[in-house]
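Protein sequences, first through last, are from chains D and Y. Counting with our numbering, you get residues 9 to 197 for the letters of the first sequence. Counting with our numbering, you get residues 5 to 147 for the letters of the second sequence. Glycine included, C-beta positions come from ideal geometry on N, C-alpha and C. A quick note: this is a predicted structure, and the numbers were derived from the prediction, not measured.
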Amino acid sequence: MNTRLKLVLALCLVGAAVGAGVVVTHGDASRDRTALSNQGGPTIAIQGLSMKRAPIRSGHLLAIRHGRAFYRLAAVNGNPCFGVGSATDVGSPGSVICAKGGFPSGGNPVLDLSVYESSRHDLKEFELFRIEGFAADGVAAVQFLRPNGDVALTVPVAGNVYSAASVPKGPIAGFAAVDNSGKRLWRSP
Amino acid sequence: MKRTAICVIACACVAAVAALARPSSASAGWCWPSCSSYGYLGPSTSTYTGCWFSSGEVCSYYDSWFNVGLAKTCYPGCDWNYNTTGVVLFGFENHDRIRGRFTVKGAVTLYVRPSEVSMSGLLRAQATWYSGPASQVNAAAIG
Numbered sequence: 009m010n011t012r013l014k015l016v017l018a019l020c021l022v023g024a025a026v027g028a029g030v031v032v033t034h035g036d037a038s039r040d041r042t043a044l045s046n047q048g049g050p051t052i053a054i055q056g057l058s059m060k061r062a063p064i065r066s067g068h069l070l071a072i073r074h075g076r077a078f079y080r081l082a083a084v085n086g087n088p089c090f091g092v093g094s095a096t097d098v099g100s101p102g103s104v105i106c107a108k109g110g111f112p113s114g115g116n117p118v119l120d121l122s123v124y125e126s127s128r129h130d131l132k133e134f135e136l137f138r139i140e141g142f143a144a145d146g147v148a149a150v151q152f153l154r155p156n157g158d159v160a161l162t163v164p165v166a167g168n169v170y171s172a173a174s175v176p177k178g179p180i181a182g183f184a185a186v187d188n189s190g191k192r193l194w195r196s197p
Numbered sequence: 005m006k007r008t009a010i011c012v013i014a015c016a017c018v019a020a021v022a023a024l025a026r027p028s029s030a031s032a033g034w035c036w037p038s039c040s041s042y043g044y045l046g047p048s049t050s051t052y053t054g055c056w057f058s059s060g061e062v063c064s065y066y067d068s069w070f071n072v073g074l075a076k077t078c079y080p081g082c083d084w085n086y087n088t089t090g091v092v093l094f095g096f097e098n099h100d101r102i103r104g105r106f107t108v109k110g111a112v113t114l115y116v117r118p119s120e121v122s123m124s125g126l127l128r129a130q131a132t133w134y135s136g137p138a139s140q141v142n143a144a145a146i147g
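Pasting the structure below:
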């Protein structure tokens, strides 16, 4: 076997190994460098949930903002979940999301749990009712966008959590993550 | 007369016992398309039950719901971050407004209580197509 053939074979092997690695990890959040460094406080009991598909017994309180509690949770099967709820009833989240692949990841730096509303039947146009969510390390703020792309409101992120005391009136059609310099890192579909 | 009164009282007692024995609304439930399957929620999907939007929405009957859950698959496909291109709103509605949270995630399970969207009383649980292709979902509410 000549040197050229050996080199080609070695390159093929390396390429196959890289490809297999990508396929196996399938973009898993744990494989990229995106992180949520806020680990929260000590483990607390989680109650009041009636979730057949994602039983949760314990979690960590990440923050309390504007009367809302933000949780990092783990389903009994080990899947990562996140939740929010009233700060007057800590340990009892009112909303929970459990997603395969976890959070965050390079393609998912923001987990928006904001509440939207509409009072129109003729148009699927929604306004913000409450702003809250989680953001990966490196996301300094979350911008909420008008249908024409204008920024309606910029909400700072602290401790991987964002929340606003009030919401802007008018339609919202997405949000974006920006870094400390204001550079847009990601935009929602 | 006395016999009639006894009969009326007996009937009332039977009715009262039956009413107490009947499962209360607290155990009521709603599922779409069923409690063990997924359906396609797209722009023309409807339960034809007077939901907030005449199309692109499925909704329950009015009840005092405890929470609504939504399970969404990767249909028609997920990227490597388990995002789909179908955007769905899920939550609650009444005669005045519809409220909820959006998701594009595939392989996801979400739950929300009425108090989370600052609503109470008799409500409809809802899942609404917002944009993109149809999403494959199972929606369920418990009372």
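| Check | Outcome |
| --- | --- |
| By the 10 Å Cβ neighbour count, where 16 or more other Cβ atoms means buried, how is residue 30 of chain D classified, buried or exposed? | With a pLDDT of only 44 at residue 30 of chain D, under 50, the local geometry of the prediction cannot be trusted, and the value read off the model is given with reservation. With fewer than 16 Cβ atoms within 10 Å of its Cβ, residue 30 of chain D is classed as exposed. |
| Can at least three beta-carbon pairs, one atom from the segment 122-138 of chain D and one from the segment 93-105 of chain Y, be found at a separation below 8 Å? | yes |
| Run through chain D and tell me which residues come within less than 9 Å of residue 34 of chain Y, C-beta to C-beta. | Result: empty, since nearest Cβ-Cβ is about 14 Å, beyond 9 Å. |
| What is the DSSP secondary structure of residue 28 of chain Y, counted as helix, strand or coil? | Only weak support is given to the placement of residue 28 of chain Y: the predicted model assigns it a pLDDT of 37, under 50, and the question is left unresolved by the model. |
| With a cut-off of 9 Å, does the C-beta of residue 41 of chain D fall near any C-beta of chain Y? | no |
| With a threshold of 9 Å between beta-carbons, can residue 119 of chain Y be considered close to chain D, or not? | yes |
| Cβ closer than 8 Å: which chain Y residues qualify as neighbours of residue 137 of chain D? | 103, 121, 122 |
| Quick one: which residues of the segment 57-85 of chain Y get their C-beta closer than 8 Å to a C-beta of chain D? List them in chain order. | 57, 58, 60, 70, 71, 73, 75, 83, 84, 85 |
| Going along the chain, which residues of its own chain have a beta-carbon closer than 8 Å to the beta-carbon of residue 117 of chain D, five neighbours each way excluded? | 42, 143, 144, 146, 147, 185, 193, 194 |
| On a CA-only basis, which of Y:37, Y:55, Y:135 is nearest residue 75 of chain Y? Give me that one, please. | Y:37 |
| For residue 56 of chain Y and residue 127 of chain Y, which I take to be in contact (beta-carbon distance under 8 Å), what is that distance rounded to the nearest angstrom? | With 8 Å as the limit, residue 56 of chain Y and residue 127 of chain Y do not qualify as a contact, their Cβ atoms being about 11 Å apart. |
| Out of Y:142, Y:135, Y:51, which one is the CA nearest neighbour of residue 108 of chain Y? | Y:135 |
| In three-state DSSP terms, what is residue 95 of chain D? | helix |
| Leaving out five residues before and five after residue 124 of chain Y in sequence, what residues of the same chain have Cβ atoms less than 7 Å from its Cβ? | 118 |
| In chain Y, which residues lie less than 8 Å from residue 129 of chain D when you measure between Cβ atoms? | 56, 57, 58 |
| Taking C-beta to C-beta, are residue 88 of chain Y and residue 139 of chain Y nearer than 9 Å? | yes |
| Which residues in chain Y have a C-beta closer than 9 Å to the C-beta of residue 177 of chain D? List them in chain order. | Per Cβ cutoff of 9 Å: no residues; residue 177 of chain D is ~14 Å from chain Y at best. |
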